[in-house]
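Chemist: Taken in order, the sequence shown gives residues 1 to 115; the numbers are from this note's numbering.
Beta carbons: idealized from backbone N, C-alpha and C, even for Gly.
The following block contains the structure, expressed as C-alpha coordinates.
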Amino acid sequence: VQLQASGGGLVQAGGSLRLECVASGSRFSLADMGWFRQAPGKERELVAQITISNTKIYVSSVKDRFTISRADTNNTVYLQMNSLKPEDTAVYYCQAALGVGDTYWGRGTQVTVSS
1 VQLQASGGGL
11 VQAGGSLRLE
21 CVASGSRFSL
31 ADMGWFRQAP
41 GKERELVAQI
51 TISNTKIYVS
61 SVKDRFTISR
71 ADTNNTVYLQ
81 MNSLKPEDTA
91 VYYCQAALGV
101 GDTYWGRGTQ
111 VTVSS
(Lines of atoms letter the chains of each structure in order from A; the text may use other names.)
(Lines give C-alpha, C1' and ligand atoms only; values in the text may rest on other atoms or scores of the structure.)
Protein backbone atom coordinates (compact mmCIF):
# COMPACT_ATOMS: atom_id res chain seq x y z
CA VAL A 1 0.00 0.00 0.00
CA GLN A 2 1.36 3.38 -0.97
CA LEU A 3 -0.16 6.54 0.41
CA GLN A 4 -0.03 10.04 -1.03
CA ALA A 5 -1.19 12.91 1.16
CA SER A 6 -1.98 16.39 -0.08
CA GLY A 7 -3.93 19.49 0.84
CA GLY A 8 -1.67 21.14 3.37
CA GLY A 9 -0.76 24.78 3.25
CA LEU A 10 -0.64 28.10 5.04
CA VAL A 11 -3.88 29.43 6.51
CA GLN A 12 -4.85 32.06 9.02
CA ALA A 13 -6.29 31.12 12.38
CA GLY A 14 -9.97 30.35 12.04
CA GLY A 15 -9.55 29.12 8.50
CA SER A 16 -10.08 25.70 6.97
CA LEU A 17 -8.15 23.10 5.02
CA ARG A 18 -9.03 19.70 3.68
CA LEU A 19 -6.37 17.02 3.57
CA GLU A 20 -6.62 14.07 1.22
CA CYS A 21 -4.75 10.80 1.25
CA VAL A 22 -4.99 8.50 -1.75
CA ALA A 23 -3.97 4.87 -1.39
CA SER A 24 -2.74 2.59 -4.11
CA GLY A 25 -3.67 -1.06 -4.34
CA SER A 26 -6.77 -3.08 -3.67
CA ARG A 27 -6.70 -3.37 0.09
CA PHE A 28 -7.83 0.14 1.06
CA SER A 29 -11.29 -1.02 2.08
CA LEU A 30 -9.68 -3.49 4.50
CA ALA A 31 -7.64 -0.83 6.29
CA ASP A 32 -8.35 1.35 9.27
CA MET A 33 -7.17 4.79 8.21
CA GLY A 34 -5.68 7.46 10.41
CA TRP A 35 -4.30 10.96 10.33
CA PHE A 36 -1.37 11.73 12.58
CA ARG A 37 0.58 14.94 13.08
CA GLN A 38 3.99 15.89 14.33
CA ALA A 39 4.90 19.38 15.43
CA PRO A 40 8.55 20.47 15.78
CA GLY A 41 10.07 19.04 18.93
CA LYS A 42 7.03 16.91 19.67
CA GLU A 43 6.13 13.29 19.22
CA ARG A 44 3.82 12.16 16.47
CA GLU A 45 0.25 11.95 17.71
CA LEU A 46 -2.95 10.44 16.41
CA VAL A 47 -5.39 13.12 15.29
CA ALA A 48 -8.26 11.06 13.94
CA GLN A 49 -9.00 7.53 12.86
CA ILE A 50 -11.75 5.90 10.82
CA THR A 51 -12.17 2.15 10.84
CA ILE A 52 -13.41 -0.15 8.11
CA SER A 53 -16.81 -0.07 9.82
CA ASN A 54 -16.77 3.74 9.74
CA THR A 55 -16.21 4.19 13.45
CA LYS A 56 -14.43 7.49 14.05
CA ILE A 57 -12.25 8.64 16.90
CA TYR A 58 -10.61 12.00 17.48
CA VAL A 59 -8.03 13.43 19.81
CA SER A 60 -9.84 15.74 22.21
CA SER A 61 -8.08 18.86 20.95
CA VAL A 62 -9.67 18.58 17.50
CA LYS A 63 -13.13 17.27 18.36
CA ASP A 64 -15.90 19.40 16.89
CA ARG A 65 -13.38 21.07 14.54
CA PHE A 66 -12.00 18.22 12.41
CA THR A 67 -13.92 15.55 10.51
CA ILE A 68 -12.42 12.38 9.09
CA SER A 69 -14.15 10.52 6.27
CA ARG A 70 -13.34 7.92 3.67
CA ALA A 71 -14.39 7.02 0.17
CA ASP A 72 -13.57 3.40 -0.51
CA THR A 73 -14.63 3.72 -4.13
CA ASN A 74 -11.65 5.97 -4.82
CA ASN A 75 -9.27 4.76 -2.09
CA THR A 76 -9.23 8.13 -0.37
CA VAL A 77 -9.39 9.32 3.22
CA TYR A 78 -10.09 12.95 4.03
CA LEU A 79 -9.54 15.22 6.98
CA GLN A 80 -11.65 18.35 6.97
CA MET A 81 -10.11 20.85 9.34
CA ASN A 82 -12.13 23.86 10.42
CA SER A 83 -11.52 26.62 12.95
CA LEU A 84 -7.80 26.03 12.69
CA LYS A 85 -5.55 27.22 15.48
CA PRO A 86 -1.82 27.98 15.53
CA GLU A 87 -1.33 24.90 17.71
CA ASP A 88 -2.59 22.77 14.82
CA THR A 89 0.60 23.63 12.94
CA ALA A 90 2.40 20.37 12.16
CA VAL A 91 3.29 17.92 9.46
CA TYR A 92 0.27 15.70 8.92
CA TYR A 93 0.66 12.05 7.93
CA CYS A 94 -1.86 9.45 6.89
CA GLN A 95 -1.60 5.85 7.94
CA ALA A 96 -3.19 2.65 6.74
CA ALA A 97 -3.46 -0.15 9.28
CA LEU A 98 -4.24 -3.61 7.94
CA GLY A 99 -3.36 -5.45 11.12
CA VAL A 100 -0.89 -5.63 13.96
CA GLY A 101 2.47 -4.73 12.56
CA ASP A 102 1.04 -4.23 9.09
CA THR A 103 0.90 -0.45 8.78
CA TYR A 104 1.82 1.96 6.05
CA TRP A 105 2.65 5.63 6.10
CA GLY A 106 2.47 8.35 3.53
CA ARG A 107 4.76 11.31 3.22
CA GLY A 108 3.59 14.18 5.30
CA THR A 109 1.92 17.37 4.25
CA GLN A 110 2.73 20.59 6.07
CA VAL A 111 -0.06 22.56 7.72
CA THR A 112 0.84 25.99 9.02
CA VAL A 113 -1.67 28.16 10.86
CA SER A 114 -0.72 31.77 11.41
CA SER A 115 -2.10 33.83 14.28
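Determine, using beta-carbon pairs with one atom in the region 14-22 and one in the region 97-113, whether at least three such pairs fall under 8 Å.
Modeler: Contact between the region 14-22 and the region 97-113 is present, because at least three Cβ pairs lie under 8 Å.
Chemist: From the DSSP secondary-structure annotation, give me the bridge partner or partners of Leu3.
Modeler: In the sequence shown, the residue the question calls residue 3 occupies position 3. Beta-bridge pairing links Leu3 to Ala23.
Chemist: Using the DSSP secondary-structure output, state which residues sit across from Ser141 in a beta bridge.
Modeler: Since the first residue of the chain shown is 1 and the last is 115, residue 141 is not available in this structure.
Chemist: How many Å lie between Leu3 and Ala31 at the Cα?
Modeler: Sequence index remark: in the sequence shown, residue 3 carries index 3 (1-based). Sequence index remark: in the sequence shown, residue 31 carries index 31 (1-based). Rounded to the nearest angstrom, the two C-alpha atoms are 12 Å apart.
Chemist: Across the region 5-17 and the region 80-91, are there enough close Cβ pairs to call them in contact, namely three or more that are closer than 8 Å?
Modeler: Verdict: yes, contact present.
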